[in-house]
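For reference, the structure discussed in these notes is given below.
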Amino acid sequence: MLLSANESYERAAQDIEMLTGRSVSHSTQQRLVHRQPLPLPEAENLVEELSVDGGKIRLRTPLGQPCHWRDYKAVKLHEQLIGASYRDNESLIDWTNQQPLAATLTCLGDGHDGIWNIVSEIGSKDQRREILDWYHLMENLAKVG
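All residue numbers for the sequence shown refer to our numbering, where the first residue is 2 and numbers rise by one.
Okay, here's the thing in structure tokens:
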């Protein structure tokens, strides 16, 4: 499973054959990985600050075809953990809400609606202190004044 995590399934299949002399196809590698229970980590300490952000991930395509880019979202529980999801914001929100959240929770985001939609589901409205990150604040400050 470690080889599959560090490389593509195809490359993992090649490495396993080289290391063990046994052939295990890339599709078998993928099935084995997807069968593994991968429990999400839990914060050991009270979560006082978190950041929510999104990004792009490139999906591999057959040689000669254009690649596909897909969006993901991530939550960083400052000084503790990072959780991410691909097309599953609800799981990310549920995971975050299962953590020990402080009475006042500082939530940092970039101002994108998709980010604030996630933040709005974390904790309670009275609990959250929502802050726009410095870069995006400065980028949009001129629009105000």
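Note that CB positions come from ideal geometry on N, CA and C, so glycine has one too.
Given the structure is predicted, the values throughout are model-derived calculations rather than measurements.
Going by DSSP in three states, S52 sits in which element: helix, strand or coil?
Correct three-state label for S52: strand.
Roughly how many whole angstroms lie between the Cα atoms of E18 and E43?
Here the C-alpha atom of E18 lies approximately 36 Å from the C-alpha atom of E43.
Skipping 5 residues on each side, what residues in its chain have a beta carbon closer than 8 Å to that of K57?
Within the same chain, Cβ atoms closer than 8 Å to the Cβ of K57 are found at W70, R71, D72, Y73, the five residues on either side in sequence being excluded.
Assuming the contact rule is C-beta atoms closer than 8 Å, V25 and V120 should be a hit. Round their C-beta distance to whole Å, please.
Rounded, the Cβ-Cβ distance is 43 Å, inconsistent with contact.
C-beta contact flag for G115 and G55 at 8 Å:
Taking 8 Å as the Cβ cut-off, G115 and G55 qualify as a contacting pair.
What did DSSP end up calling I123 once you bin it into helix, strand or coil?
DSSP places I123 in coil when its eight states are reduced to three.
Can you look up R129 in the DSSP assignment and give me helix, strand or coil?
DSSP, read as helix, strand or coil, puts R129 in strand.
Would you mind reading off the limits of the alpha helix (DSSP H) that contains L109?
Run containing L109: none in the alpha helix (DSSP H); it sits in the beta strand (DSSP E), 102-110.
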